[in-house]
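These notes concern the structure reproduced below.
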Amino acid sequence: MKYGRHPHRLWAWGWWGLCAAPAAWLWTAGFTDQLGANPAEALIRGLGEWTLRLLCLTLAVTPVRQLTGWAGLARYRRGLGLWTWAYAIQHFGAYVWLDMEASWALVMVDVAQRPFILVGTLALVLLSVLAATSWAGAVRRLGAVRWRRLHLSVHGVAILALLHFYWMRAGKNDFADVWLYAVVLVVLWGWRVGRAWRRAGA
């Protein structure tokens, strides 16, 4: 095989590997007792934080593309969005399996009693809808305008995810990372709003 003939394929495999690596490490470390005194909590929280990181990267694709003029960057937005969903599913799955002992009855009670679990679950449901409609056929079925409006709800997912993270960290009064993600999201949203205003005034 001549690698020079397939640079795009190699790059695609490479960045998919980068996206998969944190989850692979967390699961491996969890099963080999390398996540500290409470590996279950560390695994659940680690997967959750990587969900938020990938969500921020997904939302950053369009502003970075507009700033740099790198049109090819847009092709990675869907993949990043699907990886965000994959991490969210793993985060929720680890919570159900390790925290709730795979009992859906306990999950329902937890959702009803703890607002941050409810908010996180709502974010996952909405993110799952976006993942399910990310394929080209969904654009044709929904129509481009309705599809675009639906996928703007990714910003609502970001708000719910940040609120979920904030409430989770409130128990330990540790908000440093929360404010970091909040600043990143505000900058990304500010860029979008500013660009929309400039285009409207042009």
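With our numbering, letter number 85 in the sequence shown gets 419, and the count goes up by one each step, no holes.
Cβ coordinates follow ideal geometry from the N, Cα and C atoms, glycine included.
Just so we're clear, the structure is a prediction, and the values are computed from it rather than from any experiment.
Annotated three-state conformation of residue 347 is helix, per DSSP. One thing to note: residue 385 has its Cβ within 7 angstroms of the Cβ of residue 422. Taken through DSSP and simplified to helix, strand or coil, residue 522 comes out as helix. Taking C-alpha positions only, residue 438 is separated from residue 459 by approximately 16 angstroms. Taking a C-beta distance under 7 angstroms as the contact criterion, residue 450 and residue 498 qualify as a contact pair. When rounded, the separation of the alpha-carbon atoms in residue 504 and residue 396 is 32 angstroms. Taking the C-beta atoms as reference points, residue 373 is found nearer than 7 angstroms to residue 364.
For the region 443-500, not one full-length beta strand (DSSP E) segment reaches 3 residues or more.
Here the alpha carbon of residue 415 sits roughly 26 angstroms from the alpha carbon of residue 433.
DSSP places residue 509 outside both helix and strand once states are collapsed to three, so it counts as coil. Pairing residue 512 with residue 465, the inter-Cα distance amounts to about 25 angstroms. Exposed is the label assigned to residue 527, since fewer than 16 other Cβ atoms lie within 10 Å of its Cβ. In summary, residue 453 is buried, with 16 or more beta-carbon neighbours lying within 10 Å of its beta-carbon over all protein chains present.
A straight line joining the alpha-carbon of residue 399 with that of residue 443 spans about 43 angstroms.
Inter-segment contact for the region 401-417 and the region 346-355 is present: three or more beta-carbon pairs are separated by less than 8 angstroms. Between residue 457 and residue 378, the C-beta gap is not smaller than 7 angstroms, which leaves the two residues out of contact.
With a 10 Å radius around the Cβ and a threshold of 16 neighbouring Cβ atoms, residue 514 comes out exposed.
Looking at 359, 488, 387, 409, the one whose alpha-carbon comes closest to that of residue 470 is 409. Residue 400 sits in a helix when the DSSP states are folded into three classes. Counting only residues of its own chain and dropping the five nearest sequence neighbours on each side, residue 430 has a CB closer than 7 angstroms to the CB of 436, 441.
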